[in-house]
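Each remark here refers to the structure printed beneath this line.
See the structure below:
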């Protein structure tokens, strides 16, 4: 929603403004990567307060000073980094003893991450019309500050604390692949491949919907279905992980990514493009639960934030390469057909990476854990 207004406000190209969101993805990934170390420095309420101030300052800076540099620094770096830490803060908060299974709690928590994609448009549309993009960012900063302060108070009252990790893997780079390198490598490859395949489509949702015949007045359906699919996938994955285990969920994510993309390439239509976007969104949503639940079958909850943070670096890599590749292929061919085919093939390779994942120790029969 901010891209076009910021183009006009800053007199910048779409590629230039879009680069801010690439920087934010990198910041988000770095935030997830360092989160486990941050949690060792302070209690959850203090971390919540810190990231809240960082988010508010970053977005507020981008709103108060109308320049591309402050947009990069404020929104891309400060806000992106804080959101990455905050994402893991939410996962850590549900790692304590709860009256429901952790897989379900993770699904509920991570599905809330994308609810913003459904809530914020209704808030920002009138703000953009009345205040413009920079004034809107100022209001958003105030909202984030209020919500974050409430979160810090609730965490303080709950007494939630992150379990201490062991010394073997608590450093950022110390023993990066842990004692189970096969697990970390297979999970990372699966994550990066499915993210590349998915982001090649999701990052161009409106363009793909239009390219396959949807009227321009209805292109919002593409982004809406991605978000709805994400929520459904995150919630469903929590229950499915409880029944089948995280590994089966990861296999389902790969199929849910590749199969509809192959269908769209073979039988292009507006309806199938919307179905594809919904399925890819569901695969992304399932991953928010599937990845941590799968890792939790190999590592205890105290080590989960550290190991998951390392695996999540795959998302940053995908965020850097997937959107521009899809855009370049569209510019080269004049449509998204080749991008869709490549995304499908990448998703298929992600399925093979999942098959390389060993069986969790809990279900292995009389054997030592696979490495």
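Residue numbers (my numbering): 12 to 382. All C-beta atoms, glycine included, are put in the ideal place defined by N, C-alpha and C.
Extent of the continuous alpha helix (DSSP H) to which residue 98 belongs: 91-104
Contact under 9 Å by Cβ, residue 284 with residue 145: no
Simplified DSSP assignment, three categories, for residue 309: coil
The alpha helix (DSSP H) enclosing residue 256, as first and last residue numbers: Residue 256 -> no alpha helix (DSSP H), and no H or E assigned at all.
Option nearest residue 224 by Cα separation, candidates 353, 37, 348: 348
C-beta atoms of residue 210 and residue 123 nearer than 9 Å: no
Pick from 197, 130, 131, 53 that is closest to residue 100, judged by C-alpha positions: 53
Cβ pair residue 294, residue 205 closer than 9 Å: yes
Segment contact, 8 Å Cβ cut-off, at least three pairs: the stretch 130-145 with the stretch 342-361: no
When 253, 83, 238, 172 are compared against residue 35, the one with the closest alpha-carbon: 83
Any 3 or more C-beta pairs closer than 8 Å across the stretch 314-325 and the stretch 243-260: no
Nearest to residue 207 (by Cα), restricted to the options 315, 30, 246, 292: 292
Given 8 Å, three or more beta-carbon pairs between the stretch 263-277 and the stretch 357-368: yes
Runs of alpha helix (DSSP H) lying entirely within the stretch 16-101, each at least 4 residues, in chain order: 25-52, 55-75
Straight-line Cα distance separating residue 154 from residue 77: 20 Å
Simplified DSSP state of residue 241, which is helix, strand or coil: helix
Spatial distance of residue 48 from residue 42 (CA atoms): 10 Å
Cβ-Cβ distance between residue 93 and residue 65 below 9 Å: yes
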